[in-house]
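For the sequence shown, the residue numbers in my numbering are 71 to 185.
C-beta atoms are modelled at their ideal positions from N, C-alpha and C, and glycine is treated no differently.
Treat the numbers as computed from the prediction; the structure is a model and nothing was measured.
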Amino acid sequence: MWKDGADDATGTIPKTPPRLSRHLDAEDLRRAVAALSTALDPQGSGASVNWDNPQTGSRGAFTPVGQAYPLDGKICRAFLADVSAADSVERLQGAACREKTAEWALTEVKPFKKG
């Protein structure tokens, strides 16, 4: 039968977190997330942070955009990303948030649009 819960009451399906790129394997993603964490650190320099995986040839860079901002008790920051993997080159824009002691979690990733 019906369960009690906010998602059930409205008939909504829980949203799955966005993926950085479908072309990245687990090790690529681990390296990319480490670079993203460094790039988005509010105490950091605001410079781009590169990553690569010599085993797969995948590589990329994250550039923070603007300052970190609070949202729903979390710290969030927008970024631009370049990802090269599996004969694919992607330019992305997105945002990630984290709780004070947690890791950054992607909240939005989409193809980059100028303007």
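Paired residues, beta bridge with residue i - DSSP
| i | result |
| --- | --- |
| Q163 | L150, K180 |
| D122 | R129 |
| V135 | A148 |
| R92 | Bridge partners of R92: none, in fact. |
Selection from the options that minimises the alpha carbon distance to residue i
| i | options | result |
| --- | --- | --- |
| A131 | A156, K184, C167, S118 | S118 |
| T133 | N123, V153, K85 | V153 |
| E178 | D122, K184, A155, L150 | L150 |
| T126 | L94, Q113, G116, D142 | L94 |
| D98 | A155, L141, L110 | A155 |
Reduced DSSP category for residue i - H, G, I as helix; E, B as strand; rest coil
| i | result |
| --- | --- |
| A102 | helix |
| S158 | strand |
| A109 | helix |
Contact belief for residue i with residue j at Cβ below 8 Å, rounded distance in angstroms
| i | j | result |
| --- | --- | --- |
| P25 | L176 | Because the chain here runs from 71 to 185, residue 25 falls outside it and cannot be looked at. |
Minimum Cβ-Cβ distance from residue i to chain D less than 8 Å
| i | result |
| --- | --- |
| E160 | Given the protein chain composition of this structure (a single chain), no chain D is represented. |
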